[in-house]
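Undergrad: Let me begin by handing over the structure; questions about it come next.
There are 2 protein chains.
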Amino acid sequence: MLPEEIGEQLGAVEKTLVGVAEGAPRPLAAPVHEVLTSGGKRLRPLLMILSANMGEPDREALVSAAAAVEVLHTATLIHDDVVDRAESRRGRPTTVAAYGREVAVATGDYLFAESFARLADIGDPRIVRVFAEAARDLASGELEQFRASGDEVGIEEYLRHIRMKTAGLFKAACVAGGTLGGLSIRRIDALATYGQSLGVAFQMSDDVMDFVGEPGVMGKGAGSDLAEGTITLPIILAMQEGNAGLIRKVLRTPRPEKALLEAGIEAVLETRAIAGTEERARKEIETALMELELLPAGPERDVLHMIASEVVGRDA
Amino acid sequence: MLPEEIGEQLGAVEKTLVGVAEGAPRPLAAPVHEVLTSGGKRLRPLLMILSANMGEPDREALVSAAAAVEVLHTATLIHDDVVDRAESRRGRPTTVAAYGREVAVATGDYLFAESFARLADIGDPRIVRVFAEAARDLASGELEQFRASGDEVGIEEYLRHIRMKTAGLFKAACVAGGTLGGLSIRRIDALATYGQSLGVAFQMSDDVMDFVGEPGVMGKGAGSDLAEGTITLPIILAMQEGNAGLIRKVLRTPRPEKALLEAGIEAVLETRAIAGTEERARKEIETALMELELLPAGPERDVLHMIASEVVGRDA
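These protein sequence lines are chains A and B, in that order. According to my numbering, the first sequence is numbered sequentially starting from 286. According to my numbering, the second sequence is numbered sequentially starting from 286.
Here's what the structure looks like:
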């Protein structure tokens, strides 16, 4: 596949997403349109398109499935924001902030159903199953992480949460792509490991950026995980090494004041927690890149390589 | 199919639902178990089982699909209760009341995904599509009804809402059953109309019971639609005929006091609104029963007939 063909297929996904927004019933039209065209990176559709084109996918099925994974991802973001009471995402008000809880819950449900309607239309139950299982893990992971807020969370538990919450959909996108492309089980397995490791590294990198990213660029304030009591790897590592008492105090204070939050961020930054998290993310990326060696050389593999290389140290 | 076989298949659905609860991840185990074993009537699984057994379904696929429709139905109830801030259902605290919004949103999402994972396992994309489309309509219907709260709603709009919100899943259960049974398109169409008319009558009957039912038996207080600003057919008819000003006042008052609410209920009951709603429900049931004539005679058809006959004037 030529690079311009990748772009062409992503363009078709974008058109399909606009079609989903235009097809939404009246009271949902505005929130659906906003969330589907708010500048997501379309990373999951891209992973699916690249994975599929290592084989010989049916183009129409692929574009529809790639749009469906973005719709599913968007549905989960909307519900996550309801759960987390998040005010903004990608520098814009969240659906729950702009329209209230009622609209946000219903919009998420609608997009969830829309995603499975599209996946069903492809006519391959394996694709539906891959995403239904990923969605199930996603809901469990989100809740497990929420329930663990403020508690002591170990590295293993953190890894378990982010595998379910973030990496599962990356993996599902790669597996569904490989399936649609008709790849061998062996190659689909390699794509699965690539997707999972990439997703874990992606989440770790996101967790780092919550401490070092620019609030304006990130669309979220620095230290928001600390403020919300969400235990991430930088926080776990910082508590092992630094002022655990202070960090614990910030985690357990609902809506901590600016001075307290900043002291907490400082307590994390004065340890090697950020470097340690980046180191672990790099190891995940090494695993991802090793798996790529099992896949056929070509432009798809090159782009998958590039995506993985850019995750660590990525900016907005 | 003998009556004891219907019972046997419903028993297998019940076991499957317990299995779903036992398979839920730890933080979801308690809420999932409670909602799946809280004494639902299993009407949608029953409709599917009866429809399917007019043909020759694969028993395992049927039981799994029948459990999936109940799981999907339960997921939508949980999210409806989040949207409506409902305190109790079937005489028990709702998931949102017992566990909070975070757990309720995630539990609904988990059950939604679980339902589609089961449907995918059956291996027939038509079944997934039927339920994905019903779920999409359900989310739209719930939101349209919510957005219309407090507004003037006409009968046509009310019918549109309840077709999407309630009747769609009845219809989907019948269509999926007919499909699994391998029935002809003509017979599946008859089941679709039966299911839709039954669902509309069921909702009308529910709306009547909100005025005349016993609060203890219903698990919800009398007049709750009026109190929440939800416009139902009894309310529409009462406003056409009776003290529209008073009823409108109750509808537009958030959390109306007991005296005001009781005056509103009285204003509805002193009109022919309840009788008029029951009349319309009976007409829907007549349509449903006429469609049954197009289906093969036998115990399945007899039970479908009985279910429809019992909807009007049903108790808890």
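Just so it is clear, CB atoms sit at the ideal spot from N, CA and C, and this is done for glycine as well. Bear in mind the structure is a predicted one, so any value in this text is a computation, not a measurement.
Helix or strand or just coil, what does DSSP make of Arg-448(A)?
TA: Along the first sequence, one-based indexing puts residue 448(A) at 163. Of the three classes helix, strand and coil, the one that applies to Arg-448(A) here is helix, per DSSP.
Undergrad: Count the other CB atoms within 10 Å of the CB of Val-421(B); is the residue buried (16 or more) or exposed (fewer)?
TA: The residue given as residue 421(B) occupies position 136 in the second sequence. Residue identity differs from the one stated: residue 421(B) is Arg in this sequence, not Val. Answer is buried; the Cβ neighbour count reaches 16.
Undergrad: Quick one: Cα of Arg-627(A) to Cα of Leu-483(A), how far?
TA: An answer regarding residue 627(A) cannot be provided, because it is not within the stretch 286 to 601 covered by chain A.
Undergrad: Provide the residue span of the alpha helix (DSSP H) that contains Met-489(A), from first to last.
TA: By 1-based counting over the first sequence, the position of residue 489(A) is 204. That run of the alpha helix (DSSP H) goes 470-497.
Undergrad: With 7 Å as the limit, tell me which residues of the segment 298-310 of chain B have their beta carbon closer than that to any beta carbon of chain A; keep them in chain order.
TA: Pro-310
Undergrad: Taking Cβ positions only, does Lys-505(A) come closer than 8 Å to chain B?
TA: In the first sequence, the residue the question calls residue 505(A) occupies position 220. Below a pLDDT of 50, predicted positions are generally treated as unreliable, and Lys-505(A), at 46, falls in that range; no measurement from the model is reported.
Undergrad: So who's on the other strand from Ser-373(A), going by DSSP bridges?
TA: Residue mapping note: residue 373(A) aligns to position 88 of the first sequence, counting from 1. Note: Ser-373(A) sits in a beta bridge opposite Pro-378(A).
Undergrad: For Gly-408(B), return the contacting residues in chain A, with the cut-off set at a CB-CB distance below 7 Å.
TA: For this step, residue 408(B) is matched to residue 123 along the second sequence. Per Cβ cutoff of 7 Å: Pro-410.
Undergrad: I need the straight-line Cα distance from Ala-351(A) to Gly-439(A), nearest angstrom please.
TA: To locate residue 351(A), count along the first sequence from 1; it is residue 66. To locate residue 439(A), count along the first sequence from 1; it is residue 154. The alpha-carbon atoms of Ala-351(A) and Gly-439(A) are separated by roughly 35 Å.
Undergrad: I need the DSSP call for Gly-530(A), collapsed to helix, strand or coil.
TA: As a working mapping, residue 530(A) is identified with position 245 in the first sequence. Reduced to three states, the DSSP call for Gly-530(A) is helix.
Undergrad: Near Ala-389(A), which residues of its chain fall below 8 Å by C-beta distance, leaving aside the five closest residues on each side in sequence?
TA: Here residue 389(A) corresponds to residue number 104 of the first sequence, with the count starting at 1. Around Ala-389(A): Pro-316, Ile-363, His-364, Asp-366, Val-367, Thr-379, Thr-380, Val-381.
Undergrad: With distances taken from CA atoms, which of Ala-593(A), Gly-561(A), Glu-563(A) is nearest Met-575(A)?
TA: Stepping through the first sequence from its first residue, residue 575(A) is reached at position 290. If we check each option's Cα against that of Met-575(A), Ala-593(A) comes out closest.
Undergrad: What residues from the segment 414-439 of chain B come within 7 Å of chain A, judged by C-beta to C-beta, listed N to C?
TA: Arg-414, Ala-417, Glu-418, Ala-420, Arg-421, Ala-424, Ser-425, Glu-427, Leu-428, Glu-429, Phe-431, Arg-432
Undergrad: So, for Glu-585(B): in the same chain, excluding its five sequence neighbours on each side, which residues have a beta-carbon less than 7 Å away from its beta-carbon?
TA: Translated into the one-based positions of the second sequence, residue 585(B) becomes position 300. If we look at Glu-585(B) and ignore the five residues flanking it on each side, its Cβ neighbours are Met-286, Leu-335, Asn-338, Met-339.
Undergrad: Mind pulling the chain A residues with CB within less than 9 Å of His-318(B)?
TA: In the second sequence, the residue the question calls residue 318(B) occupies position 33. Annotation: His-318(B) has no Cβ neighbours in chain A at a cutoff of 9 Å; minimum Cβ distance is about 15 Å.
Undergrad: Could you check which residue in Ala-371(A), Leu-465(A), Ala-433(A), Glu-551(A) has the C-alpha nearest to that of Arg-411(A)?
TA: Within the first sequence, the letter at position 126 stands for residue 411(A). Measuring from the Cα of Arg-411(A), the nearest candidate turns out to be Leu-465(A).
Undergrad: List the endpoints of the continuous alpha helix (DSSP H) containing Asp-343(B).
TA: Reading the second sequence from its first residue, position 58 is the one you call residue 343(B). Counting along the chain, Asp-343(B) falls outside any alpha helix (DSSP H), and DSSP gives it neither H nor E.
Undergrad: Out of Ile-520(A), Ala-512(A), Ala-486(A), Leu-511(A), which one is the CA nearest neighbour of Glu-571(A)?
TA: Within the first sequence, the letter at position 286 stands for residue 571(A). Residue Ala-486(A) is the option with its Cα nearest to Glu-571(A).
Undergrad: Is Asp-510(A) closer than 8 Å to Ile-520(A) when the C-beta atoms are compared?
TA: Position 235 of the first sequence, counted from the start, is the residue given in the question as residue 520(A). Position 225 of the first sequence, counted from the start, is the residue given in the question as residue 510(A). It is a contact, given that the beta carbons lie within the stated cut-off.
Undergrad: For Met-286(A), report the span of its alpha helix (DSSP H) as first-last.
TA: The residue you call residue 286(A) lines up with position 1 of the first sequence. If you look at Met-286(A), you'll find it isn't in any alpha helix (DSSP H); DSSP assigns it neither H nor E.
Undergrad: Ends of the alpha helix (DSSP H) at Arg-311(A)?
TA: Here residue 311(A) is taken as the residue at index 26 of the first sequence, counted from 1. Its alpha helix (DSSP H) spans residues 311-321.
Undergrad: Any beta-carbon of chain A closer than 8 Å to the one on Ala-346(B)?
TA: Taking the first residue of the second sequence as position 1, residue 346(B) is located at position 61. It does not; no Cβ of chain A falls within 8 Å.
Undergrad: Is it buried or exposed, Asp-495(B), if we count other Cβ atoms within 10 angstroms and call 16 or more buried?
TA: Mapped onto the second sequence, residue 495(B) falls at position 210. With 16 or more other Cβ atoms from the protein chains shown falling within 10 Å of its own Cβ, Asp-495(B) counts as buried.
Undergrad: Under three-state DSSP, which class holds Ala-457(B)?
TA: Translated into the one-based positions of the second sequence, residue 457(B) becomes position 172. If DSSP states are grouped into helix, strand and coil, Ala-457(B) belongs with the helices.
Undergrad: List the residues of chain A whose Cβ lies closer than 8 Å to the Cβ of Glu-399(B), in chain order.
TA: The residue you call residue 399(B) lines up with position 114 of the second sequence. Residues of chain A passing the Cβ test: Ala-417, Arg-421.
Undergrad: Less than 8 Å separating the beta-carbons of Ala-360(B) and Ser-323(B)?
TA: Against the second sequence, residue 360(B) aligns to sequence position 75. Against the second sequence, residue 323(B) aligns to sequence position 38. No, the pair does not count as a contact, with Cβ atoms beyond the cut-off.
Undergrad: For the alpha helix (DSSP H) that contains Arg-411(A), what are its first and last residues?
TA: In the first sequence, counting from the first residue as 1, residue 411(A) sits at position 126. Element bounds for Arg-411(A): 410-432.
Undergrad: Look at the alpha carbon of Val-320(B) and the alpha carbon of Arg-327(B), and state the distance between them as a whole number of angstroms.
TA: Position 35 of the second sequence holds residue 320(B). Position 42 of the second sequence holds residue 327(B). Approximately 12 Å, taken between the alpha carbons.
Undergrad: What does the Cβ neighbour count give for Arg-311(B), buried or exposed, with the cut at 16 atoms within 10 Å?
TA: Start at 1 with the first residue of the second sequence, and residue 311(B) comes out as number 26. So Arg-311(B) counts as exposed.
Undergrad: In the DSSP assignment, find the unbroken alpha helix (DSSP H) run with Leu-511(A) in it and report its ends.
TA: Against the first sequence, residue 511(A) aligns to sequence position 226. Where Leu-511(A) is concerned, the enclosing alpha helix (DSSP H) stretches over 509-513.
Undergrad: Going by the beta-carbon positions, is the gap between Val-497(B) and Ala-523(B) smaller than 8 Å?
TA: Position 212 of the second sequence, counted from the first residue, corresponds to residue 497(B). Position 238 of the second sequence, counted from the first residue, corresponds to residue 523(B). Cβ distance not < 8 Å, so Val-497(B) and Ala-523(B) don't count as in contact.
Undergrad: Using 10 angstroms around the beta-carbon of Met-591(A), count the other beta-carbons present and answer buried if the total reaches 16, otherwise exposed.
TA: Sequence index remark: in the first sequence, residue 591(A) carries index 306 (1-based). Met-591(A) is exposed by the Cβ-count criterion.
Undergrad: How about Val-305(B) and Pro-330(B): do their beta carbons lie closer than 8 Å?
TA: Residue mapping note: residue 305(B) aligns to position 20 of the second sequence, counting from 1. Residue mapping note: residue 330(B) aligns to position 45 of the second sequence, counting from 1. No, they are not a contact pair.
Undergrad: Can you confirm whether Gly-292(A), when its beta carbon is compared against all beta carbons of chain B, has any partner nearer than 8 Å?
TA: As a first step, residue 292(A) must be located in the first sequence, where it is residue number 7. Output row for Gly-292(A): interface = no.
Undergrad: Give me, in chain order, the residues of the same chain whose beta-carbon lies closer than 8 Å to that of Ile-550(B); leave out the 5 immediate sequence neighbours on both sides.
TA: Within the second sequence, numbered from 1, the residue matching residue 550(B) stands at position 265. The residues are Phe-496, Ala-507, Gly-508, Leu-511.
Undergrad: For Gln-525(A), count neighbouring Cβ atoms within 10 angstroms of its own Cβ and tell me buried if that reaches 16, exposed if not.
TA: The residue given as residue 525(A) occupies position 240 in the first sequence. Exposed: under 16 other Cβ atoms inside 10 Å.
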